[in-house]
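Notes follow once the structure below has been shown.
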Amino acid sequence: QRDTGYEEVLESLGVPVLSLDRPPRPKGTKSGSTPGHETVRPRAGLRQLRRLVRLELPVGRRIAEIIRRERIELVHNNDNPRGDRPSMLGAWMAGVPQVSHVRYTPVYYPPMDRRLAKAVSRYIPMSRAIRTQMEENLGSIHTPVEVVYDPFHFDIHDRSIAENVVTASDFGFGPDDYLMVNVGRIVPWKGQDVFLRALRKTVDQCPHVKAVVVGGPKDQDRSHEYWDQLQALTDELGLRDSVCFSGFRTDVPSIMAAADLVVHTATWPEPFGKVLVEAMASRAPVVATAVGGPLEIVEEGITGLLVPPSDPDALAAALIRMASDPAGSKAMGERARAVAEERYGVDGFRRTMDRIFTDALAG
Numbered sequence: 498q499r500d501t502g503y504e505e506v507l508e509s510l511g512v513p514v515l516s517l518d519r520p521p522r523p524k525g526t527k528s529g530s531t532p533g534h535e536t537v538r539p540r541a542g543l544r545q546l547r548r549l550v551r552l553e554l555p556v557g558r559r560i561a562e563i564i565r566r567e568r569i570e571l572v573h574n575n576d577n578p579r580g581d582r583p584s585m586l587g588a589w590m591a592g593v594p595q596v597s598h599v600r601y602t603p604v605y606y607p608p609m610d611r612r613l614a615k616a617v618s619r620y621i622p623m624s625r626a627i628r629t630q631m632e633e634n635l636g637s638i639h640t641p642v643e644v645v646y647d648p649f650h651f652d653i654h655d656r657s658i659a660e661n662v663v664t665a666s667d668f669g670f671g672p673d674d675y676l677m678v679n680v681g682r683i684v685p686w687k688g689q690d691v692f693l694r695a696l697r698k699t700v701d702q703c704p705h706v707k708a709v710v711v712g713g714p715k716d717q718d719r720s721h722e723y724w725d726q727l728q729a730l731t732d733e734l735g736l737r738d739s740v741c742f743s744g745f746r747t748d749v750p751s752i753m754a755a756a757d758l759v760v761h762t763a764t765w766p767e768p769f770g771k772v773l774v775e776a777m778a779s780r781a782p783v784v785a786t787a788v789g790g791p792l793e794i795v796e797e798g799i800t801g802l803l804v805p806p807s808d809p810d811a812l813a814a815a816l817i818r819m820a821s822d823p824a825g826s827k828a829m830g831e832r833a834r835a836v837a838e839e840r841y842g843v844d845g846f847r848r849t850m851d852r853i854f855t856d857a858l859a860g
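Its first residue numbered 498, the sequence shown is counted upward by one per residue in the working numbering.
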C-alpha cells in the first residue's frame, strides 16, 4: 500500500518498492476495529471464507507472480497471521520460505489459520503475550517460534530530546511540581478515564502532582466521543488546575524526558507497549497495568510499578508512592534506561533477524 509513509524512506535506502495499492474491501466487511482487541462476531467464519475467496486468494496470486518475476527467495510477513494471509498464500503458491512477524493478537479462524501456519518457516511474535495468544488459538505450532522484541533507536531518541527541550512550564506547571505523563491514542481501552480518577485521589494527598495527557482524538466518532467524555470527567473531578490535555504531539520523547513519571493505563492487554520503552529510554520510571506486554517490560520495584487494570484505587496508591519518593522514582528511571539499552538495542535485533532469515533459507 502506498499510503504508509515508508515508500520514500525505503527507496532512499536502495530498497525497491512494488506497490499493490489498496485492494477493494469485500462487501459485508467493516473496518474500525482496534487491532489487538477484536471479538468473534456471529457468522464470522462465513465472512472469513468470503474474504478468503474474494480478496485474499486473488491478492495472493498477484504476490506469487511478483515473487516469481522478481526471483524473491524469502518472504517476511510483517503484521499478523490474519492480516498477512495474502502474502502467506503468495509465498506458499510460489514455493519460497517465509517468516511471519506477529505484531498484535488478532482473532484466529481455525482451521484456516492452522493450515496456513504449516506454510510458515519461522514465527516471530514481538512479545511473550502474543506467543501465548497464538498457542491458545492455534494449538501446537509445528514451526519454530521465537519472541523478538522490537528495536529502539536510542541515538535518534536522545537527539530528539536535545533538539526539542520541553519543561513543565510549557504546560502551565511549575518546576517544583511532580509531573506525570500519560501517552496514548484517545480510545477507551487506553484507560485515560482510569488515570483521571486515580489522579483525583492522588492530588488529594499530593497537591504538587500535575499531569499531562498526550494524544488527540482520531477521525472516528468513537474517539471524539471518548475525548468529550474525558473533558467532562476532568470538570466533574475538579482537575482543571492539575491536568493538561496536550493533544497530538510529535515531541513525545522530550515530554517524557521532562516527566517525573510516565503512566500507562491500558485496560486490555497490550500486544507489547512500546511507549513504555520510550519512557525508559527517556529515563522516566513507569507505572503500568499488569496485563499483556507491560508484564515483560516493567520490572516491579526496579524500573517501575505494576497495577491491576481498570483499578483507580490501586493506580492512585502507586502514583502516591512514586510522588512521595521523588529521589527513589528518579533512581528507577536511571535503572530503566540501562535495562532498555541492554534489552532493546538495534544491533542485537539485527543479529537475531539475520540468524532467523538465514535459518529459514537453509530450512
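Yeah, the Cβ is synthetic: ideal placement off N, Cα and C, and Gly gets one too. Since the model is a prediction, treat every value here as computed from it, not as a measurement.
Pop quiz: residue i and residue j are said to be a contact at Cβ under 8 angstroms. What is the actual Cβ separation, rounded to whole angstroms?
{"i": "V843", "j": "V759", "result": "Going by Cβ atoms, the distance from V843 to V759 rounds to 22 angstroms, so no, they are not a contact pair."}
{"i": "L802", "j": "V784", "result": "5 angstroms"}
{"i": "F769", "j": "S624", "result": "5 angstroms"}
{"i": "R558", "j": "M590", "result": "7 angstroms"}
{"i": "I560", "j": "V593", "result": "Actually they do not touch by this definition, with Cβ atoms about 11 angstroms apart."}
Distance, Cα to Cα, residue i vs residue j?
{"i": "L515", "j": "W724", "result": "38 angstroms"}
{"i": "M878", "j": "M753", "result": "Absent from the structure is residue 878, since the part of the chain shown begins at 498 and ends at 860."}
{"i": "V740", "j": "R600", "result": "32 angstroms"}
{"i": "V836", "j": "E796", "result": "9 angstroms"}
{"i": "M631", "j": "D701", "result": "43 angstroms"}
{"i": "V749", "j": "R547", "result": "42 angstroms"}
{"i": "L816", "j": "S826", "result": "10 angstroms"}
{"i": "A588", "j": "D673", "result": "58 angstroms"}
{"i": "M829", "j": "H721", "result": "35 angstroms"}
{"i": "E838", "j": "V550", "result": "45 angstroms"}
{"i": "E553", "j": "D690", "result": "39 angstroms"}
{"i": "G713", "j": "Q728", "result": "12 angstroms"}
{"i": "G671", "j": "A778", "result": "24 angstroms"}
Count the other CB atoms within 10 Å of the CB of residue i; is the residue buried (16 or more) or exposed (fewer)?
{"i": "V447", "result": "This structure leaves residue 447 out entirely; the chain is present only between 498 and 860."}
{"i": "K687", "result": "buried"}
{"i": "R566", "result": "exposed"}
{"i": "L676", "result": "buried"}
{"i": "H654", "result": "buried"}
{"i": "R847", "result": "exposed"}
{"i": "F745", "result": "exposed"}
{"i": "A665", "result": "buried"}
{"i": "T800", "result": "buried"}
{"i": "L543", "result": "exposed"}
{"i": "H639", "result": "exposed"}
{"i": "A776", "result": "buried"}
{"i": "V804", "result": "buried"}
{"i": "S509", "result": "exposed"}
{"i": "P806", "result": "buried"}
{"i": "V512", "result": "exposed"}
Please tell me whether residue i and residue j are closer than 7 angstroms, where the distance is taken between their beta carbons.
{"i": "A857", "j": "S637", "result": "no"}
{"i": "V711", "j": "S751", "result": "no"}
{"i": "P809", "j": "R694", "result": "yes"}
{"i": "A813", "j": "K698", "result": "yes"}
{"i": "A763", "j": "T786", "result": "yes"}
{"i": "F649", "j": "Y841", "result": "yes"}
{"i": "Y605", "j": "N634", "result": "yes"}
{"i": "A626", "j": "G790", "result": "yes"}
{"i": "A755", "j": "V663", "result": "yes"}
{"i": "V645", "j": "T849", "result": "yes"}
Whole beta strand (DSSP E) runs in the stretch 715-755 with 3 or more residues, listed along the chain?
740-744
Which runs of the alpha helix (DSSP H) fall wholly inside the stretch 769-819 and span at least 4 residues, in chain order?
771-778, 791-794
What are the start and end residues of each continuous beta strand (DSSP E) run of 3 or more residues lying completely inside the stretch 562-587, in chain order?
572-576
Ignoring anything shorter than 4 residues, give me the alpha helix (DSSP H) runs that lie fully in the stretch 676-709, in order along the chain.
689-702
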